[in-house]
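Trainee: Can you read through this structure? Questions will come right after.
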Amino acid sequence: MTFKINKKFFVLAGETSGDYIGSSIIRGLKKKEGENSSFFGIGGSLMKEEGLRSLYEMNDFNIIGFMNTIYNYKKLNHYKNTIIKNIFEEKPDAIITIDTKGFSLALAKKLKTLFKKSDFKCPLIHFVPPTIWAYGQSRINKWRNLHDGLFCLYKNEEEIFYKYNVKCAYIGNPVIEKFLSINKKNNNLENLYKKYNIQKKDINCFLFPGSRDTEINNIIDEFILLIKNNKKNIKNIKNIKWFIPTTKLQYKKIIDKIKISGLTTYVKVIILKKNYDILKCADIAVACSGTITLELVLFKIPTIAVYKTDFLSSVIGRILVDFKNVLLPNFLLDRQLVPFLFQERCQFKYICQILLENIEQIETKRVLFEKASNEIIDRMKYKEGRKKFNFSKNSSEQIMSIINNFN
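Residues 647 to 1053 in our numbering are what the sequence shown lists, from first letter to last.
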(Lines of atoms letter the chains of each structure in order from A and count residues from 1; the text may use other names and numbers.)
(Lines give C-alpha, C1' and ligand atoms only; values in the text may rest on other atoms or scores of the structure.)
Protein backbone atom coordinates (compact mmCIF):
# COMPACT_ATOMS: atom_id res chain seq x y z
CA MET A 1 0.00 0.00 0.00
CA THR A 2 1.30 3.47 -0.89
CA PHE A 3 0.56 6.52 1.21
CA LYS A 4 0.17 9.93 -0.31
CA ILE A 5 2.10 12.63 1.55
CA ASN A 6 -0.04 15.72 2.07
CA LYS A 7 1.37 18.70 0.25
CA LYS A 8 1.72 22.22 1.64
CA PHE A 9 1.66 25.35 -0.52
CA PHE A 10 2.41 29.02 0.05
CA VAL A 11 0.10 31.13 -2.15
CA LEU A 12 0.14 34.93 -2.36
CA ALA A 13 -2.29 37.30 -4.10
CA GLY A 14 -2.59 41.01 -3.36
CA GLU A 15 -5.71 42.13 -5.19
CA THR A 16 -9.23 41.07 -6.17
CA SER A 17 -8.34 39.64 -9.59
CA GLY A 18 -5.44 37.71 -8.04
CA ASP A 19 -7.76 36.36 -5.36
CA TYR A 20 -9.97 34.87 -8.08
CA ILE A 21 -6.98 33.34 -9.89
CA GLY A 22 -5.59 32.03 -6.59
CA SER A 23 -8.88 30.38 -5.64
CA SER A 24 -8.88 28.59 -9.00
CA ILE A 25 -5.29 27.37 -8.47
CA ILE A 26 -6.03 26.14 -4.92
CA ARG A 27 -9.19 24.38 -6.09
CA GLY A 28 -7.19 22.57 -8.79
CA LEU A 29 -4.44 21.54 -6.36
CA LYS A 30 -6.99 20.18 -3.87
CA LYS A 31 -8.62 18.15 -6.61
CA LYS A 32 -5.29 16.78 -7.78
CA GLU A 33 -3.50 16.29 -4.45
CA GLY A 34 -6.43 15.74 -2.11
CA GLU A 35 -8.47 17.83 0.30
CA ASN A 36 -5.82 17.36 3.01
CA SER A 37 -3.37 19.58 1.14
CA SER A 38 -2.77 22.76 3.14
CA PHE A 39 -2.40 26.37 2.02
CA PHE A 40 -1.05 29.44 3.75
CA GLY A 41 -0.01 32.88 2.50
CA ILE A 42 -1.90 36.02 1.56
CA GLY A 43 -5.35 36.05 -0.04
CA GLY A 44 -8.88 37.39 -0.03
CA SER A 45 -12.30 35.91 0.63
CA LEU A 46 -12.28 33.53 -2.36
CA MET A 47 -8.92 31.98 -1.48
CA LYS A 48 -9.96 31.71 2.17
CA GLU A 49 -13.13 29.88 1.10
CA GLU A 50 -10.89 27.32 -0.61
CA GLY A 51 -8.93 26.80 2.63
CA LEU A 52 -6.12 29.38 2.59
CA ARG A 53 -4.81 30.50 5.98
CA SER A 54 -4.01 34.15 5.33
CA LEU A 55 -1.17 35.67 7.34
CA TYR A 56 -2.31 39.24 6.68
CA GLU A 57 -5.28 40.98 5.10
CA MET A 58 -4.96 41.01 1.30
CA ASN A 59 -5.94 44.67 1.17
CA ASP A 60 -2.67 45.59 2.94
CA PHE A 61 -0.79 44.55 -0.22
CA ASN A 62 -3.15 46.32 -2.61
CA ILE A 63 -0.86 49.33 -3.10
CA ILE A 64 -0.30 51.14 -6.38
CA GLY A 65 1.38 54.35 -7.45
CA PHE A 66 4.96 55.52 -6.95
CA MET A 67 4.24 57.69 -3.89
CA ASN A 68 2.03 55.09 -2.18
CA THR A 69 4.78 52.50 -2.57
CA ILE A 70 7.29 54.86 -0.94
CA TYR A 71 4.90 55.71 1.91
CA ASN A 72 4.26 52.02 2.58
CA TYR A 73 7.81 50.74 2.05
CA LYS A 74 8.53 50.12 5.74
CA LYS A 75 5.26 48.23 6.25
CA LEU A 76 5.74 46.11 3.11
CA ASN A 77 9.33 45.31 4.06
CA HIS A 78 8.11 44.14 7.48
CA TYR A 79 5.49 41.93 5.81
CA LYS A 80 8.12 40.49 3.47
CA ASN A 81 10.45 39.54 6.34
CA THR A 82 7.60 38.02 8.38
CA ILE A 83 6.39 36.02 5.36
CA ILE A 84 9.92 34.71 4.73
CA LYS A 85 10.17 33.67 8.40
CA ASN A 86 6.86 31.79 8.05
CA ILE A 87 8.01 30.11 4.84
CA PHE A 88 11.19 28.76 6.48
CA GLU A 89 9.19 27.56 9.49
CA GLU A 90 6.42 25.90 7.44
CA LYS A 91 8.67 24.60 4.61
CA PRO A 92 6.05 24.45 1.81
CA ASP A 93 6.43 22.23 -1.25
CA ALA A 94 6.09 25.28 -3.51
CA ILE A 95 5.83 29.06 -3.33
CA ILE A 96 3.16 30.44 -5.67
CA THR A 97 2.79 34.19 -6.22
CA ILE A 98 0.07 35.82 -8.30
CA ASP A 99 0.41 39.28 -9.85
CA THR A 100 1.33 41.85 -7.08
CA LYS A 101 4.45 42.25 -9.18
CA GLY A 102 6.62 44.58 -7.08
CA PHE A 103 6.15 42.63 -3.85
CA SER A 104 6.29 39.22 -5.57
CA LEU A 105 9.54 40.15 -7.32
CA ALA A 106 11.19 41.39 -4.10
CA LEU A 107 10.04 38.26 -2.25
CA ALA A 108 11.35 35.90 -4.96
CA LYS A 109 14.74 37.64 -5.13
CA LYS A 110 15.21 37.46 -1.37
CA LEU A 111 14.12 33.82 -1.20
CA LYS A 112 16.43 32.88 -4.09
CA THR A 113 19.36 34.36 -2.17
CA LEU A 114 18.39 32.66 1.09
CA PHE A 115 17.88 29.26 -0.58
CA LYS A 116 21.56 29.26 -1.62
CA LYS A 117 22.58 29.42 2.05
CA SER A 118 19.95 27.05 3.44
CA ASP A 119 19.19 23.33 3.55
CA PHE A 120 15.60 24.18 2.66
CA LYS A 121 14.55 25.27 -0.82
CA CYS A 122 11.46 24.82 -2.97
CA PRO A 123 10.20 25.93 -6.40
CA LEU A 124 9.27 29.57 -7.00
CA ILE A 125 6.24 29.79 -9.30
CA HIS A 126 4.62 33.00 -10.52
CA PHE A 127 1.34 33.66 -12.33
CA VAL A 128 0.62 36.95 -14.17
CA PRO A 129 4.06 38.36 -15.06
CA PRO A 130 4.70 42.08 -15.66
CA THR A 131 2.72 43.68 -18.47
CA ILE A 132 5.75 44.39 -20.64
CA TRP A 133 3.43 45.11 -23.57
CA ALA A 134 2.22 48.22 -21.71
CA TYR A 135 5.09 49.14 -19.38
CA GLY A 136 8.14 48.47 -21.55
CA GLN A 137 10.32 45.48 -22.32
CA SER A 138 13.12 46.61 -19.97
CA ARG A 139 11.13 45.09 -17.09
CA ILE A 140 11.58 41.61 -18.50
CA ASN A 141 15.24 41.35 -17.44
CA LYS A 142 14.31 41.45 -13.74
CA TRP A 143 12.22 38.31 -14.20
CA ARG A 144 14.65 36.30 -16.32
CA ASN A 145 15.84 33.04 -14.65
CA LEU A 146 14.25 33.98 -11.32
CA HIS A 147 11.35 31.52 -11.17
CA ASP A 148 11.06 27.79 -11.73
CA GLY A 149 7.74 28.38 -13.48
CA LEU A 150 6.26 31.51 -15.06
CA PHE A 151 2.68 31.52 -16.39
CA CYS A 152 0.70 34.20 -18.22
CA LEU A 153 -3.04 34.63 -18.79
CA TYR A 154 -2.96 35.91 -22.38
CA LYS A 155 -1.80 34.11 -25.51
CA ASN A 156 -0.24 37.33 -26.87
CA GLU A 157 2.01 37.53 -23.79
CA GLU A 158 3.46 34.06 -24.31
CA GLU A 159 4.61 35.13 -27.77
CA ILE A 160 6.16 38.39 -26.49
CA PHE A 161 8.09 36.61 -23.71
CA TYR A 162 9.28 33.96 -26.18
CA LYS A 163 10.64 36.74 -28.41
CA TYR A 164 12.82 37.91 -25.50
CA ASN A 165 13.98 34.38 -24.65
CA VAL A 166 11.98 34.08 -21.43
CA LYS A 167 10.02 30.87 -20.92
CA CYS A 168 6.48 31.85 -19.98
CA ALA A 169 3.60 29.47 -20.67
CA TYR A 170 -0.03 30.27 -21.47
CA ILE A 171 -2.22 27.57 -19.88
CA GLY A 172 -5.63 29.22 -20.08
CA ASN A 173 -7.43 32.13 -18.46
CA PRO A 174 -9.87 31.79 -15.53
CA VAL A 175 -11.57 35.09 -16.44
CA ILE A 176 -12.46 33.80 -19.93
CA GLU A 177 -13.57 30.49 -18.44
CA LYS A 178 -15.78 32.28 -15.90
CA PHE A 179 -17.43 34.27 -18.69
CA LEU A 180 -17.97 31.15 -20.84
CA SER A 181 -19.44 29.32 -17.84
CA ILE A 182 -21.88 32.18 -17.09
CA ASN A 183 -22.79 32.53 -20.75
CA LYS A 184 -23.40 28.80 -21.09
CA LYS A 185 -26.01 28.92 -18.30
CA ASN A 186 -28.05 31.23 -20.52
CA ASN A 187 -29.84 32.86 -17.57
CA ASN A 188 -33.26 34.23 -18.39
CA LEU A 189 -32.74 37.99 -18.65
CA GLU A 190 -36.21 38.74 -17.34
CA ASN A 191 -35.43 36.76 -14.19
CA LEU A 192 -32.14 38.61 -13.75
CA TYR A 193 -33.85 42.01 -14.05
CA LYS A 194 -36.35 40.88 -11.44
CA LYS A 195 -33.66 39.38 -9.18
CA TYR A 196 -31.71 42.67 -9.01
CA ASN A 197 -34.75 44.97 -9.25
CA ILE A 198 -33.51 46.49 -12.52
CA GLN A 199 -35.84 47.86 -15.19
CA LYS A 200 -35.18 46.70 -18.75
CA LYS A 201 -36.70 49.90 -20.20
CA ASP A 202 -34.05 52.06 -18.47
CA ILE A 203 -30.51 52.73 -19.66
CA ASN A 204 -28.61 50.93 -16.94
CA CYS A 205 -25.15 52.44 -16.47
CA PHE A 206 -22.73 50.45 -14.33
CA LEU A 207 -19.86 52.30 -12.62
CA PHE A 208 -16.73 50.47 -11.40
CA PRO A 209 -14.44 52.74 -9.32
CA GLY A 210 -11.78 50.05 -8.80
CA SER A 211 -10.96 47.41 -6.20
CA ARG A 212 -8.12 49.17 -4.38
CA ASP A 213 -8.60 51.89 -1.75
CA THR A 214 -6.41 54.34 -3.68
CA GLU A 215 -8.34 53.77 -6.92
CA ILE A 216 -11.69 54.28 -5.21
CA ASN A 217 -10.46 57.42 -3.43
CA ASN A 218 -9.25 58.89 -6.73
CA ILE A 219 -12.25 57.97 -8.90
CA ILE A 220 -15.43 57.74 -6.81
CA ASP A 221 -15.78 61.54 -6.47
CA GLU A 222 -15.85 61.92 -10.27
CA PHE A 223 -18.57 59.27 -10.44
CA ILE A 224 -20.55 61.13 -7.77
CA LEU A 225 -20.25 64.38 -9.75
CA LEU A 226 -21.30 62.50 -12.90
CA ILE A 227 -24.49 61.29 -11.20
CA LYS A 228 -25.20 64.67 -9.58
CA ASN A 229 -24.87 66.45 -12.91
CA ASN A 230 -26.89 63.85 -14.79
CA LYS A 231 -29.98 66.03 -15.33
CA LYS A 232 -27.93 69.05 -16.30
CA ASN A 233 -25.49 67.34 -18.66
CA ILE A 234 -27.55 64.50 -20.14
CA LYS A 235 -30.68 66.51 -20.82
CA ASN A 236 -32.16 64.37 -23.56
CA ILE A 237 -31.74 61.07 -21.70
CA LYS A 238 -34.43 60.81 -19.05
CA ASN A 239 -34.23 57.18 -17.99
CA ILE A 240 -30.56 56.58 -17.13
CA LYS A 241 -30.12 54.56 -13.92
CA TRP A 242 -26.86 54.21 -12.01
CA PHE A 243 -25.39 51.10 -10.39
CA ILE A 244 -22.07 50.54 -8.60
CA PRO A 245 -21.24 46.82 -8.33
CA THR A 246 -18.38 46.27 -5.86
CA THR A 247 -16.73 43.67 -3.64
CA LYS A 248 -17.89 42.87 -0.13
CA LEU A 249 -14.59 44.31 1.11
CA GLN A 250 -15.20 47.74 -0.48
CA TYR A 251 -19.00 47.89 -0.08
CA LYS A 252 -19.04 49.94 3.15
CA LYS A 253 -16.47 52.43 1.86
CA ILE A 254 -18.54 53.12 -1.27
CA ILE A 255 -21.95 53.13 0.42
CA ASP A 256 -20.64 55.67 2.98
CA LYS A 257 -19.44 57.93 0.15
CA ILE A 258 -22.83 57.71 -1.56
CA LYS A 259 -24.67 58.50 1.70
CA ILE A 260 -22.49 61.57 2.35
CA SER A 261 -23.15 62.79 -1.21
CA GLY A 262 -26.93 62.46 -0.70
CA LEU A 263 -27.33 60.15 -3.71
CA THR A 264 -28.77 57.04 -2.05
CA THR A 265 -32.01 57.36 -4.04
CA TYR A 266 -30.17 57.85 -7.34
CA VAL A 267 -27.57 55.08 -7.29
CA LYS A 268 -27.72 51.44 -6.22
CA VAL A 269 -24.57 49.91 -4.72
CA ILE A 270 -24.51 46.13 -5.21
CA ILE A 271 -22.12 43.47 -3.91
CA LEU A 272 -20.77 41.71 -6.98
CA LYS A 273 -21.36 37.98 -6.63
CA LYS A 274 -19.03 35.25 -7.83
CA ASN A 275 -21.09 34.49 -10.91
CA TYR A 276 -21.12 38.11 -12.18
CA ASP A 277 -24.56 37.45 -13.70
CA ILE A 278 -25.65 41.04 -12.97
CA LEU A 279 -23.36 42.25 -15.77
CA LYS A 280 -25.91 40.86 -18.23
CA CYS A 281 -28.26 43.65 -17.09
CA ALA A 282 -25.83 46.47 -17.99
CA ASP A 283 -26.37 48.61 -21.08
CA ILE A 284 -23.20 50.66 -20.73
CA ALA A 285 -20.31 50.93 -18.26
CA VAL A 286 -17.59 53.23 -16.97
CA ALA A 287 -14.77 51.32 -15.29
CA CYS A 288 -11.44 51.87 -13.61
CA SER A 289 -8.70 50.41 -15.81
CA GLY A 290 -8.04 46.77 -14.91
CA THR A 291 -9.31 43.23 -15.48
CA ILE A 292 -12.90 44.48 -15.22
CA THR A 293 -12.55 46.21 -18.62
CA LEU A 294 -11.86 42.82 -20.22
CA GLU A 295 -14.80 41.24 -18.38
CA LEU A 296 -17.15 43.99 -19.56
CA VAL A 297 -16.03 43.61 -23.18
CA LEU A 298 -16.54 39.84 -22.94
CA PHE A 299 -20.10 40.57 -21.79
CA LYS A 300 -20.47 42.78 -24.90
CA ILE A 301 -21.07 45.93 -22.83
CA PRO A 302 -19.98 49.25 -24.39
CA THR A 303 -17.34 50.48 -21.95
CA ILE A 304 -15.36 53.62 -21.12
CA ALA A 305 -12.16 53.15 -19.08
CA VAL A 306 -10.86 55.73 -16.61
CA TYR A 307 -7.87 56.09 -14.32
CA LYS A 308 -6.48 58.68 -11.91
CA THR A 309 -3.43 58.51 -9.67
CA ASP A 310 -1.11 60.85 -7.74
CA PHE A 311 0.75 63.53 -9.71
CA LEU A 312 4.22 61.94 -9.58
CA SER A 313 2.90 58.51 -10.61
CA SER A 314 1.05 60.13 -13.53
CA VAL A 315 4.26 61.84 -14.73
CA ILE A 316 6.21 58.57 -14.50
CA GLY A 317 3.32 56.75 -16.17
CA ARG A 318 3.35 59.08 -19.17
CA ILE A 319 7.05 58.32 -19.65
CA LEU A 320 6.94 54.55 -19.13
CA VAL A 321 3.48 53.42 -20.21
CA ASP A 322 2.37 52.64 -23.75
CA PHE A 323 -1.18 53.99 -23.48
CA LYS A 324 -2.12 52.34 -26.76
CA ASN A 325 -1.75 48.95 -25.05
CA VAL A 326 -2.50 49.72 -21.41
CA LEU A 327 -6.11 48.45 -21.55
CA LEU A 328 -6.37 44.66 -21.74
CA PRO A 329 -9.11 44.50 -24.41
CA ASN A 330 -7.28 47.01 -26.63
CA PHE A 331 -4.04 45.03 -26.28
CA LEU A 332 -5.71 41.71 -27.07
CA LEU A 333 -7.57 43.16 -30.07
CA ASP A 334 -4.63 45.28 -31.27
CA ARG A 335 -6.98 48.24 -31.78
CA GLN A 336 -8.53 51.06 -29.75
CA LEU A 337 -11.98 49.71 -28.93
CA VAL A 338 -12.36 51.06 -25.38
CA PRO A 339 -11.76 54.82 -24.92
CA PHE A 340 -9.41 55.66 -22.03
CA LEU A 341 -9.61 58.82 -19.90
CA PHE A 342 -6.42 59.23 -17.87
CA GLN A 343 -5.60 61.70 -15.08
CA GLU A 344 -6.79 65.23 -16.03
CA ARG A 345 -9.18 63.67 -18.57
CA CYS A 346 -10.67 61.52 -15.80
CA GLN A 347 -13.22 64.19 -14.87
CA PHE A 348 -17.00 63.88 -14.80
CA LYS A 349 -17.44 66.39 -17.66
CA TYR A 350 -15.28 64.34 -20.04
CA ILE A 351 -16.77 61.04 -18.87
CA CYS A 352 -20.24 62.52 -19.41
CA GLN A 353 -19.36 63.65 -22.93
CA ILE A 354 -18.20 60.21 -24.09
CA LEU A 355 -20.99 58.47 -22.19
CA LEU A 356 -23.56 60.56 -24.02
CA GLU A 357 -21.94 59.81 -27.39
CA ASN A 358 -21.97 56.08 -26.64
CA ILE A 359 -25.60 56.11 -25.48
CA GLU A 360 -26.67 57.94 -28.63
CA GLN A 361 -24.93 55.22 -30.71
CA ILE A 362 -25.79 52.37 -28.36
CA GLU A 363 -26.94 49.87 -31.02
CA THR A 364 -23.83 50.43 -33.15
CA LYS A 365 -21.63 50.11 -30.06
CA ARG A 366 -23.30 46.85 -29.03
CA VAL A 367 -22.51 45.33 -32.42
CA LEU A 368 -18.86 46.45 -32.15
CA PHE A 369 -18.47 45.05 -28.64
CA GLU A 370 -20.17 41.76 -29.53
CA LYS A 371 -17.73 41.33 -32.41
CA ALA A 372 -14.82 42.21 -30.09
CA SER A 373 -15.97 39.69 -27.47
CA ASN A 374 -16.05 36.85 -30.01
CA GLU A 375 -12.68 37.91 -31.40
CA ILE A 376 -11.00 37.89 -27.96
CA ILE A 377 -12.35 34.41 -27.18
CA ASP A 378 -11.00 33.22 -30.53
CA ARG A 379 -7.59 34.83 -30.01
CA MET A 380 -7.35 33.26 -26.55
CA LYS A 381 -7.85 29.85 -28.19
CA TYR A 382 -11.23 29.22 -26.58
CA LYS A 383 -13.17 29.03 -29.85
CA GLU A 384 -15.79 26.30 -30.10
CA GLY A 385 -14.35 23.05 -31.41
CA ARG A 386 -10.81 23.61 -30.16
CA LYS A 387 -9.28 21.63 -27.30
CA LYS A 388 -10.82 23.11 -24.17
CA PHE A 389 -8.63 24.84 -21.61
CA ASN A 390 -9.15 24.25 -17.92
CA PHE A 391 -7.02 26.74 -15.99
CA SER A 392 -7.62 25.17 -12.59
CA LYS A 393 -6.61 21.70 -13.83
CA ASN A 394 -3.73 22.93 -16.00
CA SER A 395 -2.21 25.12 -13.29
CA SER A 396 -2.26 22.28 -10.73
CA GLU A 397 -0.65 19.88 -13.21
CA GLN A 398 2.08 22.39 -14.07
CA ILE A 399 2.77 23.15 -10.39
CA MET A 400 3.04 19.45 -9.47
CA SER A 401 5.27 18.76 -12.48
CA ILE A 402 7.63 21.53 -11.34
CA ILE A 403 7.65 20.16 -7.76
CA ASN A 404 8.34 16.59 -8.93
CA ASN A 405 11.22 17.70 -11.16
CA PHE A 406 12.73 20.17 -8.69
CA ASN A 407 16.21 19.52 -7.36
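Even for Gly, the Cβ is constructed at its ideal location relative to N, Cα and C. These numbers were taken from a predicted model, which means no experiment stands behind them.
Checking 7 Å against the spacing of the C-beta atoms, do N885 and I924 come in under that value?
Mentor: It is not a contact, given that the beta carbons lie outside the stated cut-off.
Trainee: Alpha carbon to alpha carbon, how far is F869 from P855?
Mentor: Looking at the two C-alpha atoms, the distance is approximately 8 Å.
Trainee: Are the region 726-734 and the region 753-767 in contact at 8 Å, needing three or more beta carbon pairs?
Mentor: Judged by Cβ distances under 8 Å, the region 726-734 makes contact with the region 753-767, as three or more pairs qualify.
Trainee: Using only alpha-carbon positions, find the residue among N843, T911, V932 and K899 that is nearest to L872.
Mentor: The option with the nearest alpha carbon to L872 is V932.
Trainee: Would you mind giving the Cβ-Cβ distance between V943 and V984, rounded to the nearest angstrom? I have them listed as a contact below 8 Å.
Mentor: The Cβ separation is near 7 Å, so the contact holds.
Trainee: Identify every residue that forms a DSSP beta bridge with V913.
Mentor: In the DSSP output, where bridge partners are listed per residue, V913 has W888.
Trainee: Consider the Cβ of M704: report whether some Cβ of chain C lies at a distance smaller than 7 Å.
Mentor: Chain labels in this structure do not include chain C; a single protein chain is all it has.
Trainee: If you follow the alpha helix (DSSP H) that L799 is part of, which residue opens it and which one closes it?
Mentor: Looking at the DSSP string, L799 is not in any alpha helix (DSSP H), and its letter there is neither H nor E.
Trainee: Between the alpha carbons of E1016 and Y839, how many angstroms are there, rounded?
Mentor: Each residue's Cα considered, the two are about 21 Å apart.
Trainee: Is the beta carbon of Q989 closer than 7 Å to that of S960?
Mentor: Yes, they are a contact pair.
Trainee: Nearest-angstrom Cα distance between I865 and K653?
Mentor: Approximately 43 Å, taken between the alpha carbons.
Trainee: Rounded to whole angstroms, what's the CA-CA distance from I1008 to F986? Just pull it up for me.
Mentor: Cα to Cα, the separation comes out at about 18 Å.
Trainee: Just grab the DSSP bridge partners of L770 for me.
Mentor: DSSP, once it has assigned bridges, lists I741 as partnering L770.
Trainee: When the Cα atoms are used, what is the spatial distance from K914 to I828?
Mentor: Going from the Cα of K914 to the Cα of I828 covers about 23 Å.
Trainee: Quick check on this structure: which residue in F655, N863 and H793 has the alpha carbon closest to the alpha carbon of E736?
Mentor: Looking at the Cα atoms, F655 is the closest of the given residues.
Trainee: Per DSSP, what kind of secondary structure is Y922 in: helix, strand or coil?
Mentor: In the structure shown, Y922 sits in coil (DSSP, three-state: anything other than H, G, I, E or B).
Trainee: Can you say whether R673 is buried or exposed, counting buried as having 16 or more other CB atoms within 10 angstroms of its CB?
Mentor: R673 is buried by the Cβ-count criterion.
Trainee: How is the alpha helix (DSSP H) around A752 delimited, first residue to last?
Mentor: From DSSP, the alpha helix (DSSP H) with A752 extends over K747 to K762.
Trainee: What distance in whole Å lies between the Cβ atoms of F1037 and P820, which are believed to be in contact at a cut-off of 8 Å?
Mentor: That pair is a contact at about 5 Å.
Trainee: Indicate the three-state DSSP secondary structure (helix, strand or coil) for A928 in the structure shown.
Mentor: Of the three classes helix, strand and coil, the one that applies to A928 here is coil, per DSSP.
Trainee: Among all the DSSP beta bridges, which residues are the ones paired with T893?
Mentor: T893 is not bridged to any residue.
Trainee: Does the contact criterion of 3 or more C-beta pairs under 8 Å hold for the region 677-693 versus the region 764-780?
Mentor: Taking 8 Å as the limit for Cβ pairs, the verdict is that the region 764-780 does not touch the region 677-693.
Trainee: Would you please state the rounded distance, in angstroms, between the beta carbons of L979 and A1018? I believe it to be under 8 Å.
Mentor: Yes, they are in contact, since the Cβ atoms of L979 and A1018 sit about 6 Å apart, within 8 Å.
Trainee: Beta-carbon within less than 8 Å of Y666's beta-carbon, same chain only, minus the 5 sequence neighbours each way: which residues are those?
Mentor: Hits under 8 Å: L692, P820, V821 and K824.
Trainee: Quick one: residues in its chain with C-beta nearer than 8 Å to the C-beta of T794, no 5 flanking neighbours on either side, listed in chain order?
Mentor: What sits at residue 794 in the sequence shown is Asp, not Thr. Same-chain partners within the cutoff: P769, L770, I771, I1048 and F1052.
Trainee: Find the nearest neighbour of G689 within the set L974, Y702 and E1006, judged by alpha-carbon distance.
Mentor: Per the Cα distances, Y702.
Trainee: With DSSP collapsed to three states, give me the class of V1059.
Mentor: Here the chain has residues from 647 to 1053 only, and residue 1059 is not among them.
Trainee: Please report the straight-line C-alpha distance between N787 and F807, rounded to a whole angstrom.
Mentor: Those two C-alpha atoms are separated by around 11 Å.
Trainee: Only counting runs of 4 or more residues, tell me where the alpha helix (DSSP H) segments fall wholly within the region 976-1023, in order along the chain.
Mentor: Qualifying alpha helix (DSSP H) stretches, in chain order: 994-1006.
Trainee: Where do the N-terminal and C-terminal ends of the beta strand (DSSP E) with K1027 fall, by residue?
Mentor: It is not in any beta strand (DSSP E) - K1027 carries neither H nor E in the DSSP assignment.
Trainee: Give me the residue from S663, S683 and G660 with the minimum Cα distance to I651.
Mentor: The residue with the shortest Cα to Cα distance from I651 is S683.
Trainee: For N791 and D859, what's the separation of their Cα atoms in angstroms?
Mentor: Each residue's alpha carbon lies about 33 Å from the other.
Trainee: Return the first residue and the last residue of the alpha helix (DSSP H) that Y666 is part of.
Mentor: Start and end: T662 to E679.
Trainee: Based on the DSSP secondary-structure assignment, which residues constitute the bridge partners of K654?
Mentor: Paired residue(s): S684.
Trainee: Report the residue from W888, C998, T949 and N863 whose alpha carbon sits nearest the alpha carbon of D902.
Mentor: The candidate whose alpha carbon is nearest that of D902 is N863.
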